[in-house]
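*Asks:* Could you have a look at this structure, given as structure tokens, before my questions?
Residue numbers (the UniProt record's numbering): 1 to 293.
Set out below in structure tokens:
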């Protein structure tokens, strides 16, 4: 009833909220993407997206289709792998940024390990900037991280706005420097936050530096200051700083997958994990059921 190619297109549009970006990622014409979505809507008899010239949003039925589409594609991929007899092997060095510590990335990795038990998966969790450096040095095969604004490389998983977050009870004094909670260099979020404050001419002081997301969250929950964070990944116990605080806009950030040097022993596994993340990318924007361990 539901064509797998239409379901893949639907998931890609749902992740990017853009027919243009979905077409670019899938290597299709935008008209083909629209046709796939329209045919899936015809098959379901429901509208899956509400869209106009400026925005694309999932409808309530579209939200429901997300889960069905993922499960259908997972079973489809498992059946294909079983009957083609392909079994991936080799060592895969995968790097994920600190942003994903509190997401459902572990579920995606668990599913990948279940489907490809003979792949030796090594996980590195680090700052996005550090991961890009390790990838360039040949120490990683695949990275899931934020992209530097000037860097065109990488396959977008999703785009999000950066926002200021802090404890709900925190109040900022407009006459005093902004208390900042930041990653150390080369943290991408750190650089974007400092650049935004400098453009505004706003004074700031660093009250906490930590290479661990949990360390930053502890400082923020204690009310020590504010931190820049992805809007779709705001952790429990913290809230967006209201506009009346007068903090500058931080802009958008891309979360991307970047492949390293193509080592034959890792290429197939890297491609398979990248496909799993792209197919299930919407899970990364939702709270996890369990931690990384």
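Glycine residues also receive a C-beta, built at the ideal position from the N, C-alpha and C atoms. Nothing here was measured: the structure is a model prediction, and the numbers come from that model.
Over the uninterrupted alpha helix (DSSP H) stretch that includes residue 36, give me the two end residues.
*Replies:* Note, residue 36: alpha helix (DSSP H), 30 to 44.
*Asks:* Alpha carbons only, please: which of 215, 63, 129 and 182 is nearest the one belonging to residue 151?
*Replies:* The shortest Cα separation from residue 151 among 215, 63, 129 and 182 belongs to 129.
*Asks:* Would you mind reading off the limits of the beta strand (DSSP E) that contains residue 57?
*Replies:* Looking at the DSSP string, the run of the beta strand (DSSP E) that includes residue 57 is 56 to 58.
*Asks:* What runs of the alpha helix (DSSP H), each 4 residues or longer, lie entirely inside the segment 70 to 135?
*Replies:* Fully enclosed alpha helix (DSSP H) runs of 4 or longer: 105 to 115.
*Asks:* If we call anything under 9 Å between Cβ atoms a contact, is residue 102 one with residue 260?
*Replies:* Not in contact: residue 102 and residue 260 (Cβ atoms no closer than 9 Å).
*Asks:* Is the segment 105 to 124 in contact with the segment 156 to 172, if contact means three or more CB pairs nearer than 8 Å?
*Replies:* Judged by Cβ distances under 8 Å, the segment 105 to 124 makes no contact with the segment 156 to 172, as fewer than three pairs qualify.
*Asks:* On the CB-based measure, 16 or more other CB atoms within 10 Å of its CB, does residue 139 come out buried or exposed?
*Replies:* Residue 139 comes out exposed.
*Asks:* In this structure, does DSSP put residue 295 in helix, strand or coil?
*Replies:* Examination of residue 295 is not possible in this model, given that the chain is present from 1 through 293 alone.
*Asks:* Whose C-beta lies closer than 8 Å to the C-beta of residue 133 among residues of the same chain, with five residues either side of it excluded?
*Replies:* Cβ neighbours of residue 133 beyond the five flanking positions: 186.
*Asks:* Using three-state DSSP, classify residue 67 as helix, strand or coil.
*Replies:* Helix.
*Asks:* Looking only at its chain, what residues have a beta carbon closer than 6 Å to the beta carbon of residue 235, apart from the 5 residues adjacent to it on each side?
*Replies:* The answer, listed in chain order, is 102 and 217.
*Asks:* Using 8 Å as the threshold, is the segment 228 to 247 in touch with the segment 166 to 181, meaning 3 or more CB pairs across them?
*Replies:* Yes: the two stretches touch, three or more of their Cβ pairs being nearer than 8 Å.
*Asks:* Can you give me the C-alpha to C-alpha distance between residue 199 and residue 4, rounded to a whole angstrom?
*Replies:* Roughly 47 Å separates the two Cα atoms.
*Asks:* Using three-state DSSP, classify residue 248 as helix, strand or coil.
*Replies:* It is coil, neither helix nor strand.
*Asks:* For residue 229, name the three-state secondary structure that DSSP assigns.
*Replies:* The answer is strand: DSSP assigns residue 229 an E or B state.
*Asks:* Start and end of the beta strand (DSSP E) containing residue 144?
*Replies:* It spans 142 to 146 - the beta strand (DSSP E) in which residue 144 sits, taken as one unbroken run.
*Asks:* Please state whether DSSP places residue 50 in a helix, a strand or coil.
*Replies:* Here residue 50 sits in strand by DSSP.
*Asks:* Could you say which of 211, 180 and 111 lies nearest to residue 205 if we only look at CA atoms?
*Replies:* Measuring from the Cα of residue 205, the nearest candidate turns out to be 180.
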